[in-house]
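Here the structure is laid out as C-alpha cells; the discussion comes afterwards.
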Amino acid sequence: MMRPNPVTPRLLIGFGAAIVFAAILPHLVSDFTSFQFTLAMSYGIALLGLNILTGYNGQFSIGHSAFYAVGAYTAAILLYHFEWNHYATLPVAALVAFVVGFLFGLPALRLEGLYLALATFAFAVATPQLLKFDAFEHWTGGVQGLFVPKPEPLIGGLSADQSLYYVALAIMVLLMGVAWCLLHSRSGRAIMAIRDNPIAASTMGINTALYKTTVFGISAMYTGIAGALSVFVTEFVAPDAFNFFLAVNLLIGSVVGGIVSIPGVIFGGLFLVFVPNFAQDISRAYPFVPPPWAIFGILLILAIYFVPFGVWGAVERVSARWKRKSAAGR
Amino acid sequence: MAFLEVRGLEAYYRQTQALFGVDFVLDEGSITAVLGANGAGKTTTLRAICRMVRTEGEVVFDGQDLSGLSTERVVGLGIAHVPEGRGTFVRQSVEENLQLGAYTRKNKADIAADMESVYGYFPRLGERRRQQAGTLSGGEQQMLAIGRALMLRPKLMLLDEPSFGLAPLIVQEIYEIMARIREREGTSMLLVEQNASIALELADHAYLLETGRGVRGGESSLLRDDEDIRRSYLGY
Chain A
1 MMRPNPVTPR
11 LLIGFGAAIV
21 FAAILPHLVS
31 DFTSFQFTLA
41 MSYGIALLGL
51 NILTGYNGQF
61 SIGHSAFYAV
71 GAYTAAILLY
81 HFEWNHYATL
91 PVAALVAFVV
101 GFLFGLPALR
111 LEGLYLALAT
121 FAFAVATPQL
131 LKFDAFEHWT
141 GGVQGLFVPK
151 PEPLIGGLSA
161 DQSLYYVALA
171 IMVLLMGVAW
181 CLLHSRSGRA
191 IMAIRDNPIA
201 ASTMGINTAL
211 YKTTVFGISA
221 MYTGIAGALS
231 VFVTEFVAPD
241 AFNFFLAVNL
251 LIGSVVGGIV
261 SIPGVIFGGL
271 FLVFVPNFAQ
281 DISRAYPFVP
291 PPWAIFGILL
301 ILAIYFVPFG
311 VWGAVERVSA
321 RWKRKSAAGR
Chain B
331 MAFLEVRGLE
341 AYYRQTQALF
351 GVDFVLDEGS
361 ITAVLGANGA
371 GKTTTLRAIC
381 RMVRTEGEVV
391 FDGQDLSGLS
401 TERVVGLGIA
411 HVPEGRGTFV
421 RQSVEENLQL
431 GAYTRKNKAD
441 IAADMESVYG
451 YFPRLGERRR
461 QQAGTLSGGE
471 QQMLAIGRAL
481 MLRPKLMLLD
491 EPSFGLAPLI
501 VQEIYEIMAR
511 IREREGTSML
521 LVEQNASIAL
531 ELADHAYLLE
541 TGRGVRGGES
551 SLLRDDEDIR
561 RSYLGY
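If you want it as C-alpha cells, here you go:
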C-alpha cells in the first residue's frame, strides 16, 4: 500500500477483466449513465494527479480545483473562441496546467504540511473570482461562463456520450500507465524518498527542490487534463463549478480510493459522482432521512472508518491475507 | 594539502550560531572522529560540510572549495552522509533504499555489483532485501544507512553517531564492519560520536568539540591518554 502497486498475475487478470467490463458498460446502460461514468473517469484522472503529489511525494493540496479549472478553461477558450478540434485542446490544457502547477510549486517549496495546504487553499478560493474578473471577461465569459458543444462521435454507431466515454477510458488507462511507469522508475524512488525523509533524500544527491516543483507541475497537468475532459462532458464552464468545494471533494475522492495508490482513483471518481446522487435520492425518498450532504458526511465517515487506507488499501490487505493463507495451506 | 580541510567553520540555524570557528584536517584513507557532548556541534559540523546549513569559513575537499555548492553537488563529488537517526526510507524496501544510495550513478552493472558487495558486508541486509526498511531493527537500519552510503562509492563518508541507541554488541559489530570497509575500500571517514571509547579505537585522529568550538585535537592515542578526556568522555 505504501509503495506503488507491484504487478502480479492476479493484478493483470483483474485489470484485464476491468477493461473488458469497462468496454461493454456503455452498451448496458443509458447515455446518461455513460455520461456519469465519463465524469467519474475525469475525476479519477484528477485524483491521479493528487495521489502523485500527496500520496507519493508528501505535498498537501486542498487547491486542486484551481488546476482543474485551468485545464477546463484552456479547453473551453480554445473551443469557443478559436473553434479548435476538441482533442487538440487536450495537450494544450496539459501544458498550461503543467506550467501553472510548476510555477505554483516554486513558492510552495518554502512551505511544509499545513502551511502548504493553506497556500493551496488560498489558490482554490481565488480562482473562481479571478475567472469572473472583468478584465478577462471577454475570454472567460465572466459569471456566465462559456458553452461549448460535445465532440462528435469518433465512430459511427456510437452516441456522443458513448464515444466520449471511450475517449475518457483510453486517456485514463494511458495516464494510469504513465503514472505507474513514473513511480517505478529511479525518479519514482526519489519522489517517495522525498516524502519519507527529505533530509536523507538530499544526502542521496536528489535535487529535492527540482523534484517537488516538477511533481507539482505533473500533478497539475493530470488534473488539468481531467478538467479539459470535464468540459467535453458537461458542455460548459462556469467559475463557480471550480470553487473550494471541488478542491475538498477531490481530496475526499483521493482518500476514499486510497491516496497512495493508482487503481484507487477509479473508486474515488465513482464515489464523487454517485454517492452525492445516492444521498440526494434517499434523502428525497424518505421524509425522516437527513438532508443529502448530511448523508454524504455519514457515508464518508463510514468509508473512512471501514477502509481507513482507502478502497485500494483494503483490496491490498485482503489480497495479502489470501496470499498468507494460501502459503500456510501449502 | 589535506584531503579534507576545514578552516574557521561557522554554522547558523537561522539567527542562532551553532559553530564558532572549527578547524581540522583529514588525510585521504584515514578516519577522523569528532567527539563532544550533546549540543557541542558535532552533527552541525557534518551538515555544514554537506551544505545543509548556512555556513561561513572554508571547507576544501580534494582541492575543491565546497562553499556555494548545493547538497546535491557535494554528494556528486563523492561525499556520502549517514545522517543522524539513520534517515531510513521506511516505506521502501531494503533494495530500493540501496538503489537510492546510488542515485547519482548511471552504470547499472556497477550498481548491481556494489549492491552485492554491500550484502557481503551486511549479510542480514541481503536476507531482508525485499523487506520494507521501516520494519528493520535499529541495528539493521544503521547497517542499511552505511550500506546505502557505500552505494555512492564515496571518497569520503560522513557518519553521524552510528552507535546511537544500539546495544553494545551491535555497536561492536558495526564498528568492525566499518574497519573492514576502510581496509578494503580505502574510504576516508569523518565520524561523529558520543561514544568516545569506541570511536577512538577506530579513528586515527580525533577532535574534541565544546559548544561549537574545537578545543583539542590530535592522534587518537594521544587523546585516549589525555587525563581530561578520559575523565569527561571515557568515564574511567
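Those protein sequence lines, which keep their order, are chains A and B.
Counting from 1, position 160 in the first sequence corresponds to residue 160 in this note's numbering; the numbering is continuous, with no gaps.
If you want this note's numbering, it's the position in the second sequence, counting the first as 1, plus 330.
All residues carry an ideal CB built from backbone N, CA and C; glycine is no exception.
>> According to DSSP, is arginine 337(B) part of a helix, a strand, or is it coil?
In response: strand
>> Out of Val404(B), Tyr537(B) and Arg543(B), which one is the CA nearest neighbour of isoleucine 559(B)?
In response: Closest in C-alpha terms to isoleucine 559(B), from the list Val404(B), Tyr537(B) and Arg543(B), comes Tyr537(B).
> Using a C-beta cutoff of 8 Å, does leucine 430(B) count as contacting chain A?
Replying inline: yes
>> Counting only beta-carbon separations shorter than 8 Å, does methionine 2(A) have a partner in chain B?
In response: Annotation note: pLDDT 47 at methionine 2(A) (below 50); position unreliable, no value reported.
> Of all Cβ atoms in chain B, is any one closer than 8 Å to the Cβ of proline 149(A)?
Replying inline: no
> Among Ala443(B), Arg458(B) and Phe494(B), which residue has its Cα nearest to the Cα of glycine 468(B)?
Replying inline: Phe494(B)
>> Between the alpha carbons of serine 261(A) and tyrosine 56(A), how many angstroms are there, rounded?
In response: 8 Å
> Is it right to say leucine 499(B) is buried, meaning 16 or more other beta carbons lie within 10 angstroms of its own, or is it exposed?
Replying inline: Burial check for leucine 499(B): the Cβ neighbour count within 10 Å stays below 16, so the residue is exposed.
> Roughly how many angstroms separate the alpha carbons of tryptophan 293(A) and phenylalanine 244(A), rounded to a whole number?
Replying inline: 16 Å
>> Pop quiz: serine 65(A) and leucine 246(A) are said to be a contact at Cβ under 8 Å. What is the actual Cβ separation, rounded to whole angstroms?
In response: 4 Å
> If we call anything under 8 Å between Cβ atoms a contact, is glycine 71(A) one with glycine 224(A)?
Replying inline: Against a cut-off of 8 Å, the Cβ pair of glycine 224(A) and glycine 71(A) comes out as a contact.
> Looking only at its own chain, which residues have a Cβ that is under 7 Å from the Cβ of serine 219(A), when we skip the five neighbours before and after it?
Replying inline: If we look at serine 219(A) and ignore the five residues flanking it on each side, its Cβ neighbours are Gly49, Leu50, Ile52, Leu53 and Gly101.
> For alanine 170(A), which of Thr8(A), Tyr305(A) and Thr38(A) has the nearest alpha-carbon?
Replying inline: Thr38(A)
> Would leucine 480(B) pass as a contact of aspartate 444(B) if the rule is Cβ separation under 8 Å?
Replying inline: yes
> Checking contacts by CB at 8 Å: is glutamine 422(B) closer than that to chain A?
Replying inline: yes
> Along the stretch 198 to 209 of chain A, what residues have a CB closer than 8 Å to any CB found in chain B?
Replying inline: Ile199, Ala200, Ala201, Ser202, Thr203, Met204, Gly205, Ile206 and Asn207
> For tyrosine 286(A), which of helix, strand or coil comes out of DSSP?
Replying inline: coil
> Is it true that the CB of arginine 189(A) sits closer than 8 Å to the CB of glutamine 429(B)?
Replying inline: yes
>> Applying the 10 Å Cβ sphere with the 16-neighbour rule, what's the burial state of valine 20(A)?
In response: exposed
> For a contact meaning CB atoms closer than 8 Å, what does arginine 186(A) contact in chain B?
Replying inline: Correct list: Gln429 and Tyr433.
> Straight-line CA distance for phenylalanine 32(A) to valine 256(A)?
Replying inline: When rounded, the separation of the alpha-carbon atoms in phenylalanine 32(A) and valine 256(A) is 24 Å.
> What distance in whole Å lies between the Cβ atoms of threonine 89(A) and alanine 75(A), which are believed to be in contact at a cut-off of 8 Å?
Replying inline: Sure, about 4 Å apart at Cβ, within 8 Å.
> In chain A, what lies closer than 8 Å to glycine 406(B) by C-beta?
Replying inline: The answer, in chain order, is Gly205.
> Thinking just about the alpha-carbon of each residue, which of Asp556(B), Glu506(B) and Tyr563(B) is nearest to the one in valine 523(B)?
Replying inline: A small correction: the amino acid at residue 523(B) is glutamate; valine does not occupy that position in the sequence shown. The residue with the shortest Cα to Cα distance from glutamate 523(B) is Tyr563(B).
>> So that I know if they touch, is there some Cβ in chain A lying closer than 8 Å to that of phenylalanine 419(B)?
In response: yes
> Can you find a CB in chain B that lies within less than 8 Å of the CB of arginine 189(A)?
Replying inline: yes
> So what's valine 420(B) in DSSP terms, helix, strand or just coil?
Replying inline: coil
> Along chain B, in chain order, which residues have C-beta atoms closer than 9 Å to that of alanine 320(A)?
Replying inline: Going along chain B, no residue has its Cβ under 9 Å from alanine 320(A), so there is no contact; the nearest lies around 12 Å.
> Using a Cβ-Cβ cut-off of 8 Å (strictly less than) and excluding sequence neighbours within five positions of histidine 27(A), which residues of its own chain qualify?
Replying inline: Gln162
>> I'd like the span of the beta strand (DSSP E) that includes phenylalanine 354(B), first residue to last.
In response: Segment 346 to 356, the beta strand (DSSP E) holding phenylalanine 354(B).
> Hey, alanine 46(A) and tyrosine 286(A): beta-carbon distance below 8 Å or not?
Replying inline: no
> Taking Cβ positions only, does alanine 193(A) come closer than 8 Å to chain B?
Replying inline: yes
> How many angstroms separate the CA atom of proline 492(B) from the CA atom of serine 527(B)?
Replying inline: 13 Å
> Under a Cβ-count criterion, where at least 16 other Cβ atoms within 10 Å of its own Cβ denotes burial, should aspartate 490(B) be classed as buried or exposed?
Replying inline: A residue is called buried once 16 or more other Cβ atoms fall within 10 Å of its Cβ, and aspartate 490(B) is buried on that count.
> Straight-line CA distance for alanine 122(A) to phenylalanine 419(B)?
Replying inline: 32 Å
>> I'd like to know if glutamate 470(B) contacts chain D, where contact means its C-beta is closer than 8 Å to some C-beta of that chain.
In response: Looking at the structure shown, chain D is missing, and the protein chains on hand are A and B.
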